[in-house]
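*Asks:*
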Amino acid sequence: MPIGRGRTREIVDAHRVDGYLTLGETIKHSSNIAISQFALGLRPEQHYAVLRDFGFGTPAALGFPGEGRGRLRRPAVWENNLLSQASIAQGYEFMSTAVQMASAYAVLANGGKLVRPTLVREIRGDSSGAGWVHRPDVIRQVIDAAVADRAMQFLASATDSGGTGTKAQLDRIQVVGKTGTAKLVEHGQYIRLYRGSFAGVYPGDAPQIVIYVMINKPRGAAYYGGLVAAPVVRSLLQQGLALHNSPLDRRSLSATVASRPPRPAPERQEPPTQVVAVHAGKVREGAATPVVLPSVRGLDMRAAALALHREGLVVRAIGRGVVRASVPAAGETARTGTVVTVYADSTR
2 MPIGRGRTRE
12 IVDAHRVDGY
22 LTLGETIKHS
32 SNIAISQFAL
42 GLRPEQHYAV
52 LRDFGFGTPA
62 ALGFPGEGRG
72 RLRRPAVWEN
82 NLLSQASIAQ
92 GYEFMSTAVQ
102 MASAYAVLAN
112 GGKLVRPTLV
122 REIRGDSSGA
132 GWVHRPDVIR
142 QVIDAAVADR
152 AMQFLASATD
162 SGGTGTKAQL
172 DRIQVVGKTG
182 TAKLVEHGQY
192 IRLYRGSFAG
202 VYPGDAPQIV
212 IYVMINKPRG
222 AAYYGGLVAA
232 PVVRSLLQQG
242 LALHNSPLDR
252 RSLSATVASR
262 PPRPAPERQE
272 PPTQVVAVHA
282 GKVREGAATP
292 VVLPSVRGLD
302 MRAAALALHR
312 EGLVVRAIGR
322 GVVRASVPAA
332 GETARTGTVV
342 TVYADSTR
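If you read the sequence shown in this note's numbering, its first letter stands for residue 2, the second for the next number, and so on.
1. For the 8 Å Cβ check, are there 3 or more pairs between the region 80 to 95 and the region 133 to 140?
2. For the 8 Å Cβ check, are there 3 or more pairs between the region 88 to 100 and the region 58 to 76?
3. Residues bridged to ASP301 by DSSP?
4. Using CA coordinates, which residue listed in ARG125, VAL186, ALA222 and VAL176 is at the minimum distance from VAL233?
5. Hey, how far is the Cα of VAL229 from the Cα of GLY166?
6. Are the beta-carbon atoms of TYR203 and LEU238 separated by less than 8 Å?
7. With a threshold of 8 Å, are at least 3 pairs of Cβ atoms found where one atom belongs to the region 10 to 25 and the other to the region 151 to 160?
8. Consult DSSP for LEU351 and reduce its assignment to one of helix, strand or coil.
9. From VAL211 to SER198, what does the alpha carbon distance come to, in whole angstroms?
10. How would you label PHE55, buried or exposed, when you count the other beta carbons within 10 angstroms and need 16 or more for buried?
11. Give the list of continuous alpha helix (DSSP H) stretches no shorter than 4 residues that lie fully inside the region 18 to 93.
12. Quick one: what does DSSP say GLN209 is sitting in, helix, strand or coil?
13. State the beta-bridge partners of GLN142 as determined by DSSP.
14. Cβ atoms of THR180 and SER378: under 8 Å apart, would you say?
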């Protein structure tokens, strides 16, 4: 790539694709060459303004001391506009926090709106239900909803067959997202160590969760984000879907993942905890209401979890096999959302 004054800079792709690429294909194949060319179609001021609107270079306003703001330099201090624009398009020459990255992908998931992130979803009061619940705070409309939707389609191609993020994909409900791989810098020089990342949006057709995972200096020969970070996002989603108190609105999902094998229990003395995934069927809606706990004694763990979840209860499964007890016990009254601990035979 010519950068002025007779100088050139070589840009290479780790995933070779022959021929011309559309923007969607560029994202699918993580082409450094093509994304640099697309970026050079912007004026430096446009490039900077868009990144700034997405939240880069400013604190995410989480409200805790020491929050990082990243770094996004103004074009006026760029040493070489051509080189800087190409570098920024590849993820270099600026710094961001994980929260900023997740917020930026959430802009695409939220129809182009930048929503202020928060660490607290709700503050629960006493048994009367009094408390505080976070309400989304839209900071600004960054891009048109149609543009955000098109970008989501591009992200979907990155996790589809032939893309760099296929290892984040689930079996039943689509995950969309983007991989990232960057060389690390020490003492002003790039070294042969890397940072692999993946940002995943789930579900792809009705987004509710954004997960950003960054692996610093991954060990072994594999260091690409699609190989080291995308599988972590997949694992996190699998575990989150198996927890009945996850932040997902299950009524909006077409299916739940019911066939996930539990993670191997760590070597320890206390009883193993099993996460059970079940198809929820119809779940009670509305505010917390009193329910009488059904008897699950004698059922297998999955059937017990299904029976309790249909009553709007959260299940914590201890052990495996046939259920022998639950706390609170069958016949007691509890509010929807109450955590019920279920003990199976292996805890004896």
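Cβ coordinates follow ideal geometry from the N, Cα and C atoms, glycine included.
*Replies:* According to the structure data:
1. no
2. yes
3. Position 300 of the sequence shown, counted from the first residue, corresponds to residue 301. Answer by DSSP bridge pairing, in chain order: VAL323.
4. Indexing the sequence shown from 1 puts residue 233 at position 232. The candidate whose alpha carbon is nearest that of VAL233 is VAL176.
5. Position 228 of the sequence shown, counting from 1, holds the residue named residue 229. Position 165 of the sequence shown, counting from 1, holds the residue named residue 166. Cα to Cα, VAL229 sits roughly 10 Å from GLY166.
6. Start at 1 with the first residue of the sequence shown, and residue 203 comes out as number 202. Start at 1 with the first residue of the sequence shown, and residue 238 comes out as number 237. Taking 8 Å as the Cβ cut-off, TYR203 and LEU238 qualify as a contacting pair.
7. yes
8. In the structure as shown, the chain starts at 2 and stops at 349, and residue 351 therefore has no counterpart that could be examined.
9. In the sequence shown, residue 211 corresponds to position 210, counting from 1. In the sequence shown, residue 198 corresponds to position 197, counting from 1. Looking at the two C-alpha atoms, the distance is approximately 13 Å.
10. Locating residue 55 in the sequence shown gives position 54, counting from the first residue. PHE55 is buried by the Cβ-count criterion.
11. 24 to 30, 33 to 40, 45 to 54 and 82 to 90
12. Mapped onto the sequence shown, residue 209 falls at position 208. Here GLN209 sits in coil by DSSP.
13. Within the sequence shown, numbered from 1, the residue matching residue 142 stands at position 141. LYS114.
14. Residue 378 lies beyond the range of the chain shown here (2 to 349); nothing can be said about it.
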